[in-house]
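Undergrad: Just dropping this structure here.
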Amino acid sequence: RFHHISTDEVYGDLPHPDEVNNKEELPLFTETTAYAPSSPYSASKASSDHLVRAWKRTYGLPTIVTNCSNNYGPYHFPEKLIPLVILNALEGKALPIYGKGDQIRDWLYVEDHARALYTVVTEGKAGETYNIGGHNEKKNIDVVLTICDLLDEIVPKEKSYREQITYVADRPG
Numbered sequence: 004r005f006h007h008i009s010t011d012e013v014y015g016d017l018p019h020p021d022e023v024n025n026k027e028e029l030p031l032f033t034e035t036t037a038y039a040p041s042s043p044y045s046a047s048k049a050s051s052d053h054l055v056r057a058w059k060r061t062y063g064l065p066t067i068v069t070n071c072s073n074n075y076g077p078y079h080f081p082e083k084l085i086p087l088v089i090l091n092a093l094e095g096k097a098l099p100i101y102g103k104g105d106q107i108r109d110w111l112y113v114e115d116h117a118r119a120l121y122t123v124v125t126e127g128k129a130g131e132t133y134n135i136g137g138h139n140e141k142k143n144i145d146v147v148l149t150i151c152d153l154l155d156e157i158v159p160k161e162k163s164y165r166e167q168i169t170y171v172a173d174r175p176g
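Count along the sequence shown from 1, add 3, and you get the number used in my numbering.
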C-alpha cells in the first residue's frame, strides 16, 4: 500500500471570520471539498495527489491520501511560524507578520498527527482520502500575539515581545 501525505492547502484558503455570517460555524474542509490551490506549493501538492490517484486508477496501486493541517510541536523546522517567532523573540529580532496577519490556519499537534497517520495506515481503506485537522483555526496574528504574551510571562524583559512585531508585505498566493 502507498500512503501519500499531503496538505490541506490543496483546498485553498479558509475564509476569514469576517466573511462568514455565523461565526460559530466557520466552514471546514472535507474530503469532498474541491481543490483550489492558491500558491505554487499547494498546486504542486494538489498535482501529486492527482498523480497518486492516477496510479490507483491506471495500475491498481492501493493508495491512501491524507491531507493535514499545519503541525506544531517538538523539533519543528525553525523557519516555520511558531518556532521562528519564539526564536526571533528571544534573540530580540523582528517578528515578521505577512500582511495584517489575518491568514487563517488550522493547527495540529505533531503527536496527534502521528497517531492519526498510524490509524489511517492500520485501519484506512485503500483508495480513500482522509483529512487530518486539529479543529484549532487561528489567525496568524493571534498565534503570534499569544506567543508574545506567554513569553512576557515566562521570560519577561523590559518591553513586551509584542513590540518586536513587524508587518511585512504579504506573500504572493
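We treat Cβ as the ideally placed atom computed from N, Cα and C, and that holds for glycine.
Could you compute how far the alpha carbon of PRO81 sits from the alpha carbon of LEU90?
TA: Sequence index remark: in the sequence shown, residue 81 carries index 78 (1-based). Sequence index remark: in the sequence shown, residue 90 carries index 87 (1-based). Answer to the nearest angstrom: the Cα atoms are 8 Å apart.
Undergrad: At the level of alpha carbons, what is the spacing between LYS103 and LYS142?
TA: Position 100 of the sequence shown, counted from the start, is the residue given in the question as residue 103. Position 139 of the sequence shown, counted from the start, is the residue given in the question as residue 142. Going from the Cα of LYS103 to the Cα of LYS142 covers about 10 Å.
Undergrad: Would you report the Cα separation of GLY37 and TYR14, rounded to the nearest angstrom?
TA: For this step, residue 37 is matched to residue 34 along the sequence shown. For this step, residue 14 is matched to residue 11 along the sequence shown. Sequence inspection shows Ala at residue 37; the Gly mentioned does not correspond to that position. In a straight line, the C-alpha of ALA37 is about 6 Å away from that of TYR14.
Undergrad: Apply the 10 Å Cβ neighbour rule to ASP66 and answer buried if 16 or more other Cβ atoms are within range, or exposed otherwise.
TA: Counted from its first residue, the sequence shown places residue 66 at position 63. Residue identity check: residue 66 is Thr in the sequence provided, not Asp. Burial call: buried.
Undergrad: Between the C-alpha atoms of ALA129 and ARG56, what's the straight-line distance to the nearest angstrom?
TA: Reading the sequence shown from its first residue, position 126 is the one you call residue 129. Reading the sequence shown from its first residue, position 53 is the one you call residue 56. Each residue's alpha carbon lies about 11 Å from the other.
Undergrad: From what residue to what residue does the alpha helix (DSSP H) around PRO43 run?
TA: The residue labelled residue 43 in the question sits at position 40 within the sequence shown. Note, PRO43: alpha helix (DSSP H), 43 to 62.
Undergrad: Starting from the C-beta of TRP58, find all residues in its chain whose C-beta is less than 8 Å away, skip the five residues before and the five after it, and write them out in chain order.
TA: For this step, residue 58 is matched to residue 55 along the sequence shown. Excluding positions up to five away in sequence, the list reads PHE5, LEU64 and THR66.
Undergrad: Taking just the CA atoms, how far does THR69 sit from ALA46?
TA: Working through the sequence shown from its first residue, we reach residue 46 at position 43. Working through the sequence shown from its first residue, we reach residue 69 at position 66. Between ALA46 and THR69, the C-alpha separation is close to 16 Å.
Undergrad: How many Å lie between CYS71 and THR122 at the Cα?
TA: If you number the sequence shown from 1, residue 71 lands on position 68. If you number the sequence shown from 1, residue 122 lands on position 119. About 14 Å.
Undergrad: Straight-line CA distance for HIS7 to ILE107?
TA: Position 4 of the sequence shown, counted from the start, is the residue given in the question as residue 7. Position 104 of the sequence shown, counted from the start, is the residue given in the question as residue 107. C-alpha separation (whole angstroms): 24 Å.
Undergrad: Where does ALA117 land, buried or exposed, given buried means 16+ other C-beta within 10 angstroms?
TA: Taking the sequence shown and counting its residues from 1, one reaches residue 117 at position 114. Per the 10 Å Cβ criterion, exposed.
Undergrad: Quick check on this structure: which residue in GLU131, ILE85, VAL113 and ASP16 has the alpha carbon closest to the alpha carbon of LEU148?
TA: Counting from one through the sequence shown, the residue named residue 148 turns up at place 145. For the residues GLU131, ILE85, VAL113 and ASP16, the minimum Cα distance to LEU148 belongs to ILE85.
Undergrad: At what residues does the alpha helix (DSSP H) containing ASP16 begin and finish?
TA: Against the sequence shown, residue 16 aligns to sequence position 13. Counting along the chain, ASP16 falls outside any alpha helix (DSSP H), and DSSP gives it neither H nor E.
Undergrad: Got a sec? Which residues, its chain only, sit under 7 Å from ASN74 by beta carbon, not counting five neighbours each side?
TA: Here residue 74 is taken as the residue at index 71 of the sequence shown, counted from 1. The residues are LEU111, VAL113 and HIS116.
Undergrad: Rounded to whole angstroms, what is the Cα-Cα separation between GLU177 and VAL146?
TA: No answer is possible for residue 177: it lies beyond the span of the chain, which begins at 4 and ends at 176.
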